[in-house]
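Listed in order, the protein sequences are those of chains C and F. Letter by letter, the first sequence follows residues 0 to 118 in numbering that gives the first Met the number 0. Letter by letter, the second sequence follows residues 0 to 118 in numbering that gives the first Met the number 0. Have a look at the structure below before the remarks.
Number of protein chains: 2
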Amino acid sequence: MFRDMLEEVVQSTPGGLGAVLMGYDGIAIDEYRLDSSGPDLQMLAIEYANVLKEMTRMTDVLDTGHLEEVTVKTEEFFFVLRSVNEEYFMVLTIARSGNPGKGRYLMLKRVPQLNEELS
Amino acid sequence: MFRDMLEEVVQSTPGGLGAVLMGYDGIAIDEYRLDSSGPDLQMLAIEYANVLKEMTRMTDVLDTGHLEEVTVKTEEFFFVLRSVNEEYFMVLTIARSGNPGKGRYLMLKRVPQLNEELS
């Protein structure tokens with residue numbers, strides 16, 4: 000079920016390359032890759048788990064409200080990171096020619112369902 | 000000159016609250032705040048300097064190309080972080096009712112000029 004959801008998000012996002020659902024402890028629940036191109040999803044998500052933990056600590060310190068979403072733009076990719084709940088998050092990898100806005104929307108729409116399944 | 004540029008970006012972004020130009024070493028060059036609302040810009044930029052350094056290290060490890068921009072969405076704010084060069088970055092704080100897309104565009108447009116002034 001998680002894999003189907005990840006696949007749907009990747010396939011419906013223009014430029015979508017892969018998505019992973021992962022715990023903040025760095026252990027992945029499931030992933031979907033369009034093909035073998037793009038960065039290693041597991042390695043990427045483990046690195047992002049650390050960054051998100053640091054950012055969550057920071058938003059608490061700065062009192063700016065709960066962290067919901069982070070969009071990262073590099074020379075080659077967009078990465079959309081979406082918090083699902085306090086234990087899990089999703090990362091979507093998109094080509095630079097793709098549409099991160101659509102990816103963000105699709106991930107946001109799936110949060111309530113994911114939350115239900117994960118609790 | 001930096002303050003005028005920061006003021007222009009904040010004033011031209013719907014929901015813009017403040018902007019700061021800062022070194023990755025955590026030392027600010029200049030800042031502009033619309034009023035005293037919103038989080039402390041210096042404290043925020045120091046925290047984000049650490050996150051950006053960690054993300055730059057990570058994008059190098061993952062070989063995903065140079066880090067250009069990060070957009071953070073919390074319950075209360077958007078934060079747009081834009082790398083200017085290897086030494087400096089900008090942070091723009093926007094209300095959740097604002098337009099981070101416009102802010103991103105305005106910051107991107109000012110990078111070449113900033114680069115020239117800073118080198």
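For glycine and all other residues, C-beta sits at the position ideal for the given N, C-alpha and C.
- Ranked by Cα distance from C:Val9, the first of C:Asp59, C:Glu30, C:Gly22 is C:Glu30.
- At least one beta carbon of chain C lies nearer than 8 Å to the beta carbon of F:Met57.
- With respect to F:Arg81, F:Met106 sits close: the two C-beta atoms are nearer than 8 Å.
- The DSSP-derived three-state label of C:Tyr104 is helix.
- One thing to note: C:Ile93 has its Cβ within 8 Å of the Cβ of C:Leu16.
- C:Pro13 is positioned such that its CB atom lies closer than 8 Å to that of C:Lys101.
- Distance from F:Pro38 to C:Leu61 at the Cβ level is roughly 5 Å; contact confirmed, criterion being Cβ atoms closer than 8 Å.
- A Cβ-Cβ separation of about 7 Å places C:Val50 in contact with F:Val50 under the 8 Å criterion.
- Here F:Met89 carries a strand assignment [DSSP, helix/strand/coil].
- Under the three-state reduction of DSSP output, F:Ser82 falls in the strand class.
- In this structure, the CA atom of C:Arg103 is about 19 Å from the CA atom of C:Gly64.
- For chain F, the residues of the segment 43-56 of chain C that bring a beta carbon within less than 8 Å of one of its beta carbons are Leu43, Glu46, Tyr47, Asn49, Val50, Glu53, Met54, in chain order.
- Membership of F:Arg32 in any alpha helix (DSSP H) is not indicated; the residue belongs instead to the beta strand (DSSP E) covering 27-32.
- Nearest to F:Asn84 by C-alpha distance, out of F:Glu46, F:Lys52, F:Met42, is F:Lys52.
- With contacts defined by Cβ atoms closer than 8 Å, F:Glu116 and F:Met0 form a contacting pair.
- Taking the C-beta atoms as reference points, F:Leu20 is found nearer than 8 Å to F:Ile28.
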